[in-house]
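Trainee: Residue numbers (my numbering): 39 to 105.
Ideal placement from N, C-alpha and C gives every residue a C-beta, glycine not left out.
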């Protein structure tokens with residue numbers, strides 16, 4: 039499965055459980071369990087906007103998640 043900006047956090051974690059570490063590296067901080075639970079239904083695009091990530095950085099994140 040290739041991840042896109044429309045993929046949800048829940049979908050990504052179901053396929054790639056280690057993805058949380060990749061996301062934490064991109065946002066520069068640890069993600070709490072409550073934040074993770076809150077974000078399960080959010081798309082990667084929504085999460086990127088929520089944390090102030092620009093389009094280029096979001097695309098880099100998606101590329102990394104797909105490797």
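Is residue 79 near the ligand HEM - that is, is its Cβ less than 6 Å away from at least one heavy atom of it?
Mentor: Ligands are entirely absent from the displayed structure, and the ligand HEM is therefore not among its contents.
Trainee: Just reading off the alpha helix (DSSP H) that residue 48 is part of, what are its end residues?
Mentor: Position 10 of the chain shown, counted from the first residue, corresponds to residue 48. Segment 47 to 53, the alpha helix (DSSP H) holding residue 48.
Trainee: In the DSSP assignment, find the alpha helix (DSSP H) that holds residue 61 and state where it starts and stops.
Mentor: For the purposes of this step, residue 61 is taken as the residue at position 23 of the chain shown. Element bounds for residue 61: 57 to 65.
Trainee: DSSP beta-bridge partners for residue 81?
Mentor: For this step, residue 81 is matched to residue 43 along the chain shown. Per DSSP, 46.
Trainee: Taking the alpha carbon of residue 73 as the point to measure from, which residue in 101, 41, 42 and 47 has its own alpha carbon closest?
Mentor: Position 35 of the chain shown, counted from the first residue, corresponds to residue 73. Of the candidates 101, 41, 42 and 47, the one whose C-alpha sits nearest the C-alpha of residue 73 is 47.
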